[in-house]
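Written out below as structure tokens is the structure these notes cover.
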Amino acid sequence: MENLQTIFEQAKELTAKGKAASYIPALAQADPAAFAVSLMSMDYQIELGDCSKTFTLQSVVKVLSFMVAANHHGIEEILKYVDVEPTGDSFNSIVRLESKNNKPFNPMINAGAITIASLLPGKSMFEKVKSVTQFIEKILGKQVYINNEVYLSEYHSADYNRAITYILQANGFLKSDVEQSLQVYLQLCAISVNTSDLAKIALYFATNGKNSDAVCSKEVINISKALMLTCGMYNFSGKFAAFVGLPAKSGVSGAIIAIVKDGEMEHLKGPIGIGVYGPAIDEVGNSVAGIEFLAKCSKHYDLFCL
Ligand code: DON
Numbered sequence: 002m003e004n005l006q007t008i009f010e011q012a013k014e015l016t017a018k019g020k021a022a023s024y025i026p027a028l029a030q031a032d033p034a035a036f037a038v039s040l041m042s043m044d045y046q047i048e049l050g051d052c053s054k055t056f057t058l059q060s061v062v063k064v065l066s067f068m069v070a071a072n073h074h075g076i077e078e079i080l081k082y083v084d085v086e087p088t089g090d091s092f093n094s095i096v097r098l099e100s101k102n103n104k105p106f107n108p109m110i111n112a113g114a115i116t117i118a119s120l121l122p123g124k125s126m127f128e129k130v131k132s133v134t135q136f137i138e139k140i141l142g143k144q145v146y147i148n149n150e151v152y153l154s155e156y157h158s159a160d161y162n163r164a165i166t167y168i169l170q171a172n173g174f175l176k177s178d179v180e181q182s183l184q185v186y187l188q189l190c191a192i193s194v195n196t197s198d199l200a201k202i203a204l205y206f207a208t209n210g211k212n213s214d215a216v217c218s219k220e221v222i223n224i225s226k227a228l229m230l231t232c233g234m235y236n237f238s239g240k241f242a243a244f245v246g247l248p249a250k251s252g253v254s255g256a257i258i259a260i261v262k263d264g265e266m267e268h269l270k271g272p273i274g275i276g277v278y279g280p281a282i283d284e285v286g287n288s289v290a291g292i293e294f295l296a297k298c299s300k301h302y303d304l305f306c307l
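Residues in the sequence shown are numbered consecutively from 2, following the working numbering.
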């Protein structure tokens with residue numbers, strides 16, 4: 002009889018099939034065998050593996066920055082700068098920015114997320130970053146920090162993102178200058194969390210914001226969940242939606258949030274937030290063990306959301 006612990010241990014074996022991201026030097030130091038999962042409902046929490054480990058949000062932050070910007074400007078204004086269409090391209094692809102329709106396709110790819118970073122409330126880099134950290138702090142009920150080592154490591158190897166940012170500026174999609182937009186984006190990627198924090202963020206979506214004081218309109222929460230389902234797992238999003246069926250967002254640190262609107266998993270009942278850390282990632286950028294864990298849970302506990 003399978004239970005969460007067995008599913009976790011079986012999925013952990015797959016860490017051997019992935020590699021820690023190496024294009025950001027500081028991320029390459031992660032232990033590829035690490036694997037931890039937190040699952041949280043309104044009144045119960047399950048922790049599997051070493052859930053005290055901290056790591057950076059990376060692309061998981063993209064959905065949170067989108068929410069802050071969309072809440073501030075309204076969705077109609079945001080849509081002038083970033084669309085909500087999946088691409089099927091890799092997260093850092095530059096190719097569509099040169100096409101006739103050069104508006105970034107969605108806020109979950111780098112081009113869209115850098116545009117969103119430029120649209121965040123506030124004038125200075127500090128204010129823009131703070132608008133997102135404050136939102137996260139409201140959800141978590143605690144302070145969050147930026148891992149400066151990871152930030153600087155990525156900043157000094159950000160040629161691709163810098164190229165994307167220059168093209169966005171040339172095409173008129175940036176609301177702040179290139180350097181500020183890029184720095185805000187990279188600082189947000191370097192926010193430090195653990196799996197329990199991820200589970201709480203995921204539970205925020207699962208409860209439509211009812212698990213904390215963080216304020217976001219229902220419309221923006223709904224759009225964010227739709228973006229996660231259609232674009233949250235990079236160019237694996239279609240397969241993840243088809244075979245796992247949960248709104249989710251991953252990052253190259255090996256972080257994943259996954260949202261269960263209404264489920265039953267051992268002592269967890271109702272809305273459930275799942276936070277995963279598994280730094281061994283596949284070629285697309287998703288935690289190999291994390292995908293396996295979520296796929297098995299979805300099947301075993303019948304979590305498919307559609
Ligand atoms: O832009 C980058 O390369 C990273 N800071 C974030 C990458 C990531 O997690 C995948 N992006 N969708």
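Idealized CB from N, CA, C, for every residue including glycine.
Note that the coordinates shown come from a computational prediction; the quantities given were computed from them, not determined experimentally.
Contact under 8 Å by Cβ, residue i with residue j
{"i": "Gly123", "j": "Lys131", "result": "yes"}
{"i": "Thr116", "j": "Leu58", "result": "no"}
{"i": "Lys54", "j": "Ala37", "result": "yes"}
{"i": "Cys190", "j": "Val62", "result": "yes"}
{"i": "Tyr82", "j": "Leu120", "result": "yes"}
{"i": "Tyr203", "j": "Gly276", "result": "Checking the sequence shown, residue 203 turns out to be Ala, not Tyr. Taking 8 Å as the Cβ cut-off, Ala203 and Gly276 qualify as a contacting pair."}
{"i": "Ser340", "j": "Val261", "result": "Because residue 340 is not part of the residues shown, which for the chain are 2 to 307, the question remains open."}
{"i": "Tyr309", "j": "Leu187", "result": "Outside the modelled stretch of the chain, which goes from 2 to 307, sits residue 309, for which no answer is possible."}
{"i": "Leu5", "j": "Leu49", "result": "yes"}
{"i": "Ser154", "j": "Pro280", "result": "no"}
{"i": "Lys129", "j": "Ala118", "result": "yes"}
{"i": "Gly210", "j": "Ile222", "result": "yes"}
{"i": "Val289", "j": "Gly19", "result": "yes"}
{"i": "Ile110", "j": "Phe92", "result": "yes"}
{"i": "Val85", "j": "Asn107", "result": "yes"}
Burial state of residue i, where buried means 16 or more other Cβ atoms lie within 10 Å
{"i": "Ala34", "result": "exposed"}
{"i": "Ala207", "result": "buried"}
{"i": "Gly89", "result": "exposed"}
{"i": "Glu366", "result": "With the chain covering 2 to 307 only, the question about residue 366 has no answer from this structure."}
{"i": "Ala243", "result": "exposed"}
{"i": "Tyr24", "result": "exposed"}
{"i": "Thr7", "result": "exposed"}
{"i": "Phe127", "result": "exposed"}
Pairwise C-alpha distance: residue j and residue i
{"i": "Ala227", "j": "Pro248", "result": "7 Å"}
{"i": "Tyr235", "j": "Asn287", "result": "8 Å"}
{"i": "Ala259", "j": "Asn172", "result": "34 Å"}
{"i": "Ala17", "j": "Gly75", "result": "44 Å"}
{"i": "Phe305", "j": "Gly233", "result": "16 Å"}
{"i": "Leu28", "j": "Thr231", "result": "26 Å"}
{"i": "Gln46", "j": "Asp214", "result": "20 Å"}
{"i": "Leu40", "j": "Phe67", "result": "24 Å"}
{"i": "Lys250", "j": "Val64", "result": "8 Å"}
{"i": "Asp283", "j": "Ser254", "result": "11 Å"}
{"i": "Glu317", "j": "Leu199", "result": "This structure does not reach residue 317, given that the chain is present from 2 up to 307, and the question cannot be answered."}
{"i": "Leu98", "j": "Gly274", "result": "34 Å"}
{"i": "Ser94", "j": "Ala112", "result": "8 Å"}
{"i": "Ala22", "j": "Glu77", "result": "36 Å"}
{"i": "Phe294", "j": "Ala12", "result": "5 Å"}
{"i": "Thr383", "j": "Leu175", "result": "Nothing in the structure corresponds to residue 383, since the chain is present only between 2 and 307."}
{"i": "Gly271", "j": "Asp44", "result": "10 Å"}
{"i": "Asp303", "j": "Phe241", "result": "15 Å"}
{"i": "Ser218", "j": "Ile224", "result": "10 Å"}
{"i": "Tyr156", "j": "Asp178", "result": "16 Å"}
{"i": "Asp51", "j": "Lys139", "result": "25 Å"}
{"i": "Glu220", "j": "Tyr205", "result": "14 Å"}
{"i": "Pro105", "j": "Ala31", "result": "31 Å"}
{"i": "Phe237", "j": "Gly291", "result": "13 Å"}
{"i": "Met125", "j": "Ile79", "result": "One point to set straight first is that residue 125 is Ser, not Met, in the sequence displayed. Between Ser125 and Ile79, the C-alpha separation is close to 20 Å."}
Residue i - containing alpha helix (DSSP H), residue span
{"i": "Ala70", "result": "62-74"}
{"i": "Ile202", "result": "196-207"}
{"i": "Ser154", "result": "149-156"}
{"i": "Phe244", "result": "238-244"}
{"i": "Glu220", "result": "219-232"}
{"i": "Phe305", "result": "Taken as a continuous stretch (DSSP letters only), Phe305 belongs to no alpha helix (DSSP H), as it is neither H nor E."}
{"i": "Phe9", "result": "5-13"}
{"i": "Val133", "result": "126-141"}
{"i": "Tyr161", "result": "160-171"}
{"i": "Asn111", "result": "111-120"}
Per DSSP, cross-strand counterpart(s) of residue i
{"i": "Thr57", "result": "Ser193"}
{"i": "Val261", "result": "Ile273"}
{"i": "Ser288", "result": "Ile282"}
{"i": "Lys20", "result": "Ile282"}
{"i": "Lys250", "result": "Ile258"}
{"i": "Ala37", "result": "Gly50, Tyr278"}
{"i": "Met266", "result": "Leu269"}
{"i": "Tyr146", "result": "Ser193"}
Host beta strand (DSSP E) of residue i (start-end)
{"i": "Gly50", "result": "46-50"}
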